[in-house]
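What follows is one structure encoded as structure tokens, with my remarks underneath.
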């Protein structure tokens, strides 16, 4: 049983300032039970909608955050130079590993932003609606687009890192990078010169 | 990969920057990583054999000296007590030594064709006092003097004796050169007092000897007529070059010019002595140059009915005393005093007998008299016998004879060719002898005391091979594990437990204190201890001399482990001539390494090709031995000389040694050892087996490519010609080398954009450098010509690469070539200086490289040859390459420069892809150095450091077990071996400055710290949980 702290402030009675999202007006425990016993579905729906919108907006913010930091990172990369040094290597390491870990942890990142599914229509059947709101699991469904955007943006960061790698010449793209793994058969012919040259 | 490469590069740069001294040879490693054996070569016995000089003349030192000139063009002075070289000088090849003449503390050396250069050295110090060309200045531009055969004919030197009453006259000497020119020089500075060409001398008259008798100089000459040679003389005045009279004719018939001599009689007269029809005749020349009447021709020893066979001339010092030897027809030798016209004595038992070998006579002048010596080999007693006749005063009749026998190893040294006798005798009236043997050794010999031996045949190493040794004794795996039972292994391990303390001590030592210097302080090898050191620096070097003597040399100390004579040597030379030597079996798994030696044996005009099997550890030749002289017989392969020899890709069924193929003069292929399985194998791969021969026709040289055809009798194969390359008219082959293809680390070269230039790799390449002289018929030494380099694929006969040097090159300098993998280096001298060219062959393809796995008969590989030429500040006498175990270490070019130093040139300096002008970013990425025409010789890269390695012509390299290091053996005259070549630094060996103890202490301290702090921390953590 979680302890709920009551920071009830007696002042500020006038409601000119809107409450923060998800704010429940300070009520006593008694009121609370009374309210919960009599929930106003409209308010609930409204509240839910509001919070969903808010969550979506935040999800988009989160999704686009890597892209926003791209110019900054690009500038930093530009200043770190193309030499193979500990700083530029560290930065590249961050650029390469960051997006990958971010993508792997994408569900955790969006976990708090999952909207609870809103009842489609305020039905008269209060009981059922009440049941549905209670049982409605928060889903990732509405977050699909932001998540895709998020992956794409992380992809951009990765691409930036890879581009930097390639400008530094540490991407094994040329044939020269694989030269040491090449093998050849022995020459098929035998000659006097060959026997001398091997000795 | 690039990252890795770059990482390594950075690391290397870093290491280089902090340890630049490691790259260059450290002073304290001199003599530890290398050894240098100074040699002089086999002594020249004509006309001036080795001469013993008594110690009173060499004031600086107590010991006596031996002066000699050698076949390697060296004038050397040895310490007669220990055989060390006191000093030596080697002359250029175009300036061959002719004779030396000693006078007090001076040694006069006559050299050059016709004896046209005179040099005076100080005997005690070896410093050159002066050098003088005896060719008149107007003829200098035409080149050298006239060469006679033998080279010393027509040359003579005589020192003008001091006149007691007239000390102010400058001391001088008179030299006869080219058979006609007489020059009088000052002794102190070589200044020319006068010179003249004897009037009347021409194509038919040649003067051969001169003598100073008081004031007149009598010169003896030989006149060639249609069928006979007659003697004539001329006489000059010592003060002015004017003949005193006409040429004096002596009625005589001369068969051998050497059998004539002129002897001063002290009172202004000269006596001509010659051999004619079994008689020794004499004729007097008067002071004014007049020849006595014809009637006065006399037999030197008239009456007595003695018939002589020859005159034995024992040198000018004895001639001055009037002493010669006369050899009678029965072989007996008389001592004759010409001035007194009488026989002074004779050598006892000197007549020819089957009991003893031919005698060798020698003599030396003492203050008033002479000491004569005779040595021979007694077959009966199997000892050497020396017989000495001491004539204390030539004017008296007293002679003292003495003799001694000495032990002598005929099997290893052959027969003796000369015995220089000491000018002083010991209290038993016995001399010290310096023997020159037919095997090329110089040995000091005394009664009961065989002295030092100098193996001068090492100057004529025909072929040398490194043999890898087994593992260090204690770590050696002696058994083949797979065939061992459990009990057997257990008992072996228990038995080997006794080695455990030694092993642990060794391990601890190696772990704590091993450094570069300590690792190379190795135990010297001997016949019982033949194990390598931990880095593989210690190997056995097997060297075969031209005359067939084998030496096994410890590569780390230069000491001879064993030596063996393969063939008989005598005064006529050696019956054996080594052609090649091959490593046919390595020492893996505890077996003994084997080598095959191929030699040409000439006995009584019959020439055969013989092969031997040699055990490298013991020097034992397998097979039968000659019952008489205990020399190995070997296996006779065929009659005549061989044209080519190479190893086949087959092993002998029994010995597991590689099989040798030898091509005889009729181009048939013979195998050694013969084996049916191998014959069948050859038949199977006969269309894939290629070899070449070089034949000389009237016009030009033809290079033929051959394959074996159907089997003929006795296991041999006839050959079929597949291709022929005729060279141009008069084109002379200078060098003919196979490409070096030992360890290949990479198939290509990575460029700045990470694409690859694939190397053109072909193990069948033969590199030939040729010279086409410009002027027909002129002497080779002075002409110049056009130099060409060919790279030929020896399987299909295609000329892969061909180039012509744009400038004419002098033929004396030649054109040196060598090639490793795809990198060809050649060097030459042109009008403007020494040049070196570097060429790399790449496959001209954008796809993957295909060489060397593709057949040379497959689709044509387009070749991209990148070439660049550089200027070198020095002559190049020989080109070699460093090598390494895996080929990862940079290859460097090793050259022998004009100062007789061995120098390496860095690979990056000789890179033909060095960019001209400003390097692009790609070039920078590749770390290419911008092109500069001059390649400097870095003092740090002189790996022979302070040693002067005279005459080094052949370079032999071998990898050590550590990748960074390669061994180099240079031979020619001196022997030099170093394991200090580390082209990429000693990256796999910690340098001496590395503080191993500190590292170990730090590690130990940290371990103790962890052991102490660990439990404490755990306790604290546990305690913390309570609060």
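Residue numbers (UniProt numbering), protein chains in the order written: chain W, 1 to 199; chain H, 1 to 1027. Ideal Cβ positions, reconstructed from N, Cα and C, are used throughout, including at glycine. As the structure is a prediction and not an experimental result, all values here were calculated from the model.
#### Entry: CB contact below 9 Å: residue 173 of chain W versus chain H
yes
### Task
May I have the straight-line CA-CA distance separating residue 176 of chain W from residue 988 of chain H, to the nearest angstrom?
25 Å
### Message
Between the alpha carbons of residue 392 of chain H and residue 429 of chain H, how many angstroms are there, rounded?
### Response
11 Å
### Query
beta strand (DSSP E) containing residue 48 of chain W: first to last residue?
Premise fails: residue 48 of chain W lies in the alpha helix (DSSP H), 41 to 80, not in any beta strand (DSSP E).
#### Entry: Three-way DSSP call (helix, strand, coil) for residue 639 of chain H in this model
strand
### Task
Would you grab the beta carbon distance between residue 760 of chain H and residue 883 of chain H for me? Rounded to a whole angstrom, and I think it's under 8 Å.
That pair is no contact at about 20 Å.
#### Entry: chain H residues whose Cβ lies nearer than 7 Å to that of residue 196 of chain W
646 and 738
### Query
My guess is that residue 617 of chain H and residue 593 of chain H are in contact by the Cβ rule of under 8 Å, so how many angstroms apart are they, rounded?
7 Å
### Task
Tell me, please, which residues DSSP counts as bridged to residue 77 of chain H.
Answer is H:67 and H:87.
### Task
Could you check if residue 88 of chain H is buried or exposed, using at least 16 other CB atoms within 10 Å of its CB as the buried criterion?
buried
### Task
Evaluate residue 42 of chain H with the Cβ neighbour count: other Cβ atoms within 10 Å of its Cβ, from every protein chain shown; 16 or more gives buried, anything less gives exposed.
buried
### Query
Which of the three DSSP states, helix, strand or coil, is assigned to residue 239 of chain H?
coil
### Message
If we define contact as Cβ-Cβ less than 9 Å, is residue 113 of chain W a contact residue for chain H?
### Response
no
### Task
Could you check if residue 799 of chain H is buried or exposed, using at least 16 other CB atoms within 10 Å of its CB as the buried criterion?
Per the 10 Å Cβ criterion, exposed.
### Query
Which residues in chain W sit within 9 Å of residue 750 of chain H, going by Cβ to Cβ distance?
Listed along chain W, the residues sitting closer than 9 Å to residue 750 of chain H by beta-carbon distance are 174, 175, 176, 177 and 179.
### Query
With a cut-off of 8 Å, do at least 3 Cβ pairs link the stretch 838 to 851 of chain H to the stretch 861 to 868 of chain H?
yes
### Message
Extract the residue ranges of the beta strand (DSSP E) inside the stretch 859 to 915 of chain H, only unbroken runs of 3 or more that lie entirely within it.
### Response
863 to 872, 876 to 881, 893 to 897 and 902 to 905
### Residue closest to residue 51 of chain H, alpha-carbon to alpha-carbon, out of H:874, H:356 and H:362
H:362
### Query
In chain order, what residues of the same chain have a beta carbon less than 6 Å from the beta carbon of residue 816 of chain H, not counting five sequence neighbours either side?
827, 876 and 879
### Message
Taking the beta carbon of residue 134 of chain W as the centre, do at least 16 other beta carbons fall within 10 Å, making it buried, or is it exposed?
### Response
Confidence in residue 134 of chain W is poor, its pLDDT being 47 and thus under 50, which makes the residue's placement unreliable; the coordinate value appears in the next sentence. So residue 134 of chain W ends up on the exposed side.
### Message
Is there a Cβ of chain H sitting closer than 9 Å to that of residue 193 of chain W, yes or no?
### Response
Interface residue (Cβ-Cβ distance to chain H less than 9 Å): residue 193 of chain W is classified as such.
### Query
Rounded to the nearest angstrom, how far is the Cβ of residue 257 of chain H from that of residue 229 of chain H, given a contact under 8 Å?
7 Å
### Query
Once you ignore the five residues that flank residue 846 of chain H on each side, which residues in its own chain have a CB closer than 6 Å to its CB?
For residue 846 of chain H, where only same-chain residues beyond five positions count, there are no Cβ hits under 6 Å.
### Query
In chain order, which continuous runs of the beta strand (DSSP E) of length 3 or greater are located wholly inside the stretch 944 to 1004 of chain H?
954 to 959, 966 to 971 and 975 to 981
### Query
Any idea if residue 218 of chain H is buried or exposed, counting beta-carbon neighbours within 10 angstroms, 16 or more meaning buried?
buried
### Message
Does chain W have any CB closer than 9 Å to the CB of residue 683 of chain H?
### Response
no
### Query
Looking at the C-beta of residue 190 of chain W, does it have a partner C-beta in chain H at a distance below 9 Å?
It does: the Cβ of residue 190 of chain W has a partner Cβ on chain H nearer than 9 Å.
### Query
Can you tell me the Cα-Cα spacing of residue 126 of chain W and residue 41 of chain W, whole angstroms?
Model confidence at residue 126 of chain W stands at a pLDDT of 47, short of 50, so the residue's coordinates are unreliable; what they give is reported in the following sentence. So the two alpha carbons sit approximately 8 Å from each other.
### Message
Among H:903, H:958, H:662 and H:484, whose alpha-carbon lies nearest the alpha-carbon of residue 637 of chain H?
### Response
H:662
### Task
With DSSP collapsed to three states, give me the class of residue 163 of chain W.
Three-state result, residue 163 of chain W: helix.
### Query
Excluding sequence positions up to five away, which residues of its chain have a Cβ less than 6 Å from the Cβ of residue 159 of chain H?
Within the same chain, 103 and 173 come within 6 Å of residue 159 of chain H by CB-CB distance, once the 5 residues on both sides are set aside.
#### Entry: Limits of the unbroken beta strand (DSSP E) element including residue 489 of chain H
Element bounds for residue 489 of chain H: not the beta strand (DSSP E) but the alpha helix (DSSP H), 486 to 496.
#### Entry: Continuous alpha helix (DSSP H) assignments of at least 4 residues falling wholly in the stretch 102 to 145 of chain H
137 to 140
### Query
Looking at the C-beta of residue 766 of chain H, does it have a partner C-beta in chain W at a distance below 9 Å?
yes
### Task
Measuring only between beta-carbons, confirm whether residue 753 of chain H sits less than 9 Å from chain W.
Residue contact check for residue 753 of chain H against chain W: a CB pair falls below 9 Å.
### Query
Do the stretch 45 to 62 of chain W and the stretch 139 to 148 of chain W make contact, defined as three or more Cβ pairs closer than 8 Å?
yes
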